[in-house]
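Structure record follows, encoded as structure tokens.
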Amino acid sequence: MKRPIIVIFITIFIDMLGFGIIIPILPIFSKELGAENYQVGLIAMSFPLMNFLFAPFWGSLSDRHGRRPIILVSVLLTGLAYLLFSQTVNLWLLLLSRLLAGIGSANLSVAQAYIADITTPQERTKTMGFIGAAFGLGFIIGPTVGGYMKSLSAPGHVDYVGYLAASLSALNLLLAYFVLPESLKEKRPDARFNFKVVSGIVSELKKPVIRELLAINFIFIASFMIMQMSSSLFWKEKIGLTDVQMGNTFAFIGLATVIVQGGLVGRLVRKFGEFRLLKYGTYIFIVAMTMLPWVTKATFIPIELVALALIALANGCLTPSITSLLSKTANHQEVGQVLGVNQSFGSVARAAGMGMSGFIYGIDFHLPFLLAAALMIICIWLAANLENQIRPESPQ
């Protein structure tokens, strides 16, 4: 594996580890500072909102000035956000720290564009799979570490949590500064740039293939978030899992994701090609969604864990394939912007899925999972449209 890919993997892993450390304790800490339920939601939504606004900005800026400086600046902003988080004593500071963290962490599109710069089309999907593995590792380790560090801080404080996350960002910054070379061969510093997020999105939505891929990714992420948020309530209220058991279950999902995206994606894409892999992932996710809400405590271990493993497999099929197809379809000089728009859509999808899940779960706990399955059926239709516009890549 090329050294820059290893550095990008470590960079994203540390980024996601810092994110994973914060997220599990954020609702608890918000309550300790006196937040109402709606305020907890607003604070949580501030992070994906900034992701939505700044992902195309970072991506387009990296097309003009190179990937490396944008990665360095965004990692620095993330570290400052964690440092501010460590000193938070009121809701306004908490909101500010999450806004700043959302701006800094909107750099995923730049990391993906970096991968697209240094890999061949044949290598790209496999390498994007390693990026997914970095995500999974961060989410496996982060929540456990974050919970432990929060226990060391006094109620109403998260100093140890913030210091650890800021230290990880500092390590990330040093690694990227000293080891990561520039990947973009042809910079365009005088290229036309538009700060308006909507303009970039509208521009890409005019392209049929990119529009279909963005729609599939949006629906999948929204469906995934509906499942993820509802699962916590379902496991706690209907299955009766303890907090430790729930943590272990989420760790299982992360571990399965690492195995699939880190080890299986490359083989699968060589055998089936990206387009087929996208369709297979959709079918697998629908099957898993229809399995999840029907288990009992007695059948949790065999059935629910199988369904969760299928979700990890579906995620491993869908996410790298969509990203790779987007990078191949886009004009080479606009890869950063296209992937930035994709990340923005993902941020909106996460917010939409999180917002919908609680309301729908309150009607009937089966509904969120069935809705997620129904939404993914739309992806089958979208994939059929894609099949008429692009020729699926032959397996290698």
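For what it's worth, the numbering used here labels the leading residue of the sequence shown as 1365, then goes sequentially.
Beta carbons: idealized from backbone N, C-alpha and C, even for Gly.
**Report entry** Cutoff 7 Å; reference P1759; Cβ partners in own chain excluding five residues on either side
**Finding:** Low local confidence applies: a pLDDT of 48 at P1759 is under 50, so the model's placement there is unreliable, and no value is given.
Report task. Round the Cβ separation of I1744 and T1663 to the nearest angstrom and send it over; I've been treating them as touching at under 8 Å. Result -> In fact, because the Cβ distance is near 28 Å, the residues do not count as touching under 8 Å.
Requested in this report: Determine the DSSP secondary structure at H1696, reduced to helix, strand or coil.
Outcome: helix
Report task. Within its chain, find whatever has a CB closer than 7 Å to the CB of I1623; leave out the 5 residues flanking it on each side and keep chain order. Result -> none
Query raised in the report: Just the Cα atoms here: how many angstroms apart are R1431 and P1545?
Result: 9 Å
**Report entry** Validate contact between the region 1703-1718 and the region 1671-1683 using beta carbons, cut 8 Å, 3 pairs
**Finding:** no
Query - G1520 - DSSP class collapsed to helix/strand/coil - result: coil
Requested in this report: Just mark L1361 as buried or exposed, buried being the case when its beta carbon has 16 or more other beta carbons within 10 Å.
Outcome: Missing from the structure shown is residue 1361; the chain here goes from 1365 to 1760 and no further.
Query raised in the report: Should M1380 go down as buried or exposed, given a rule of 16 or more other Cβ atoms within 10 Å for buried?
Result: buried
Query - Reduced DSSP secondary structure (H/G/I, E/B, other) of H1429 - result: Helix.
**Report entry** Contained alpha helix (DSSP H) runs [length at least 4] in the region 1623-1658, N- to C-terminal order
**Finding:** 1629-1636 and 1638-1655
Report task. With a cut-off of 8 Å on the beta carbons, I'd call L1731 and I1583 a contact; round off their distance for me. Result -> Contact flag wrong, Cβ pair sits at about 17 Å.
Query - Which listed residue (Y1644, L1528, T1687 and I1648) has its alpha carbon closest to that of G1443 - result: L1528
Report task. Below 8 Å CB to CB, which residues in the same chain sit around I1505 once its five sequence neighbours on both sides are set aside? Result -> L1381 and G1384
Query raised in the report: Whose C-alpha, out of D1481, I1389, V1651 and E1396, is nearest the C-alpha of E1550?
Result: D1481
Query - N1749 (DSSP reduced to helix, strand or coil) - result: helix
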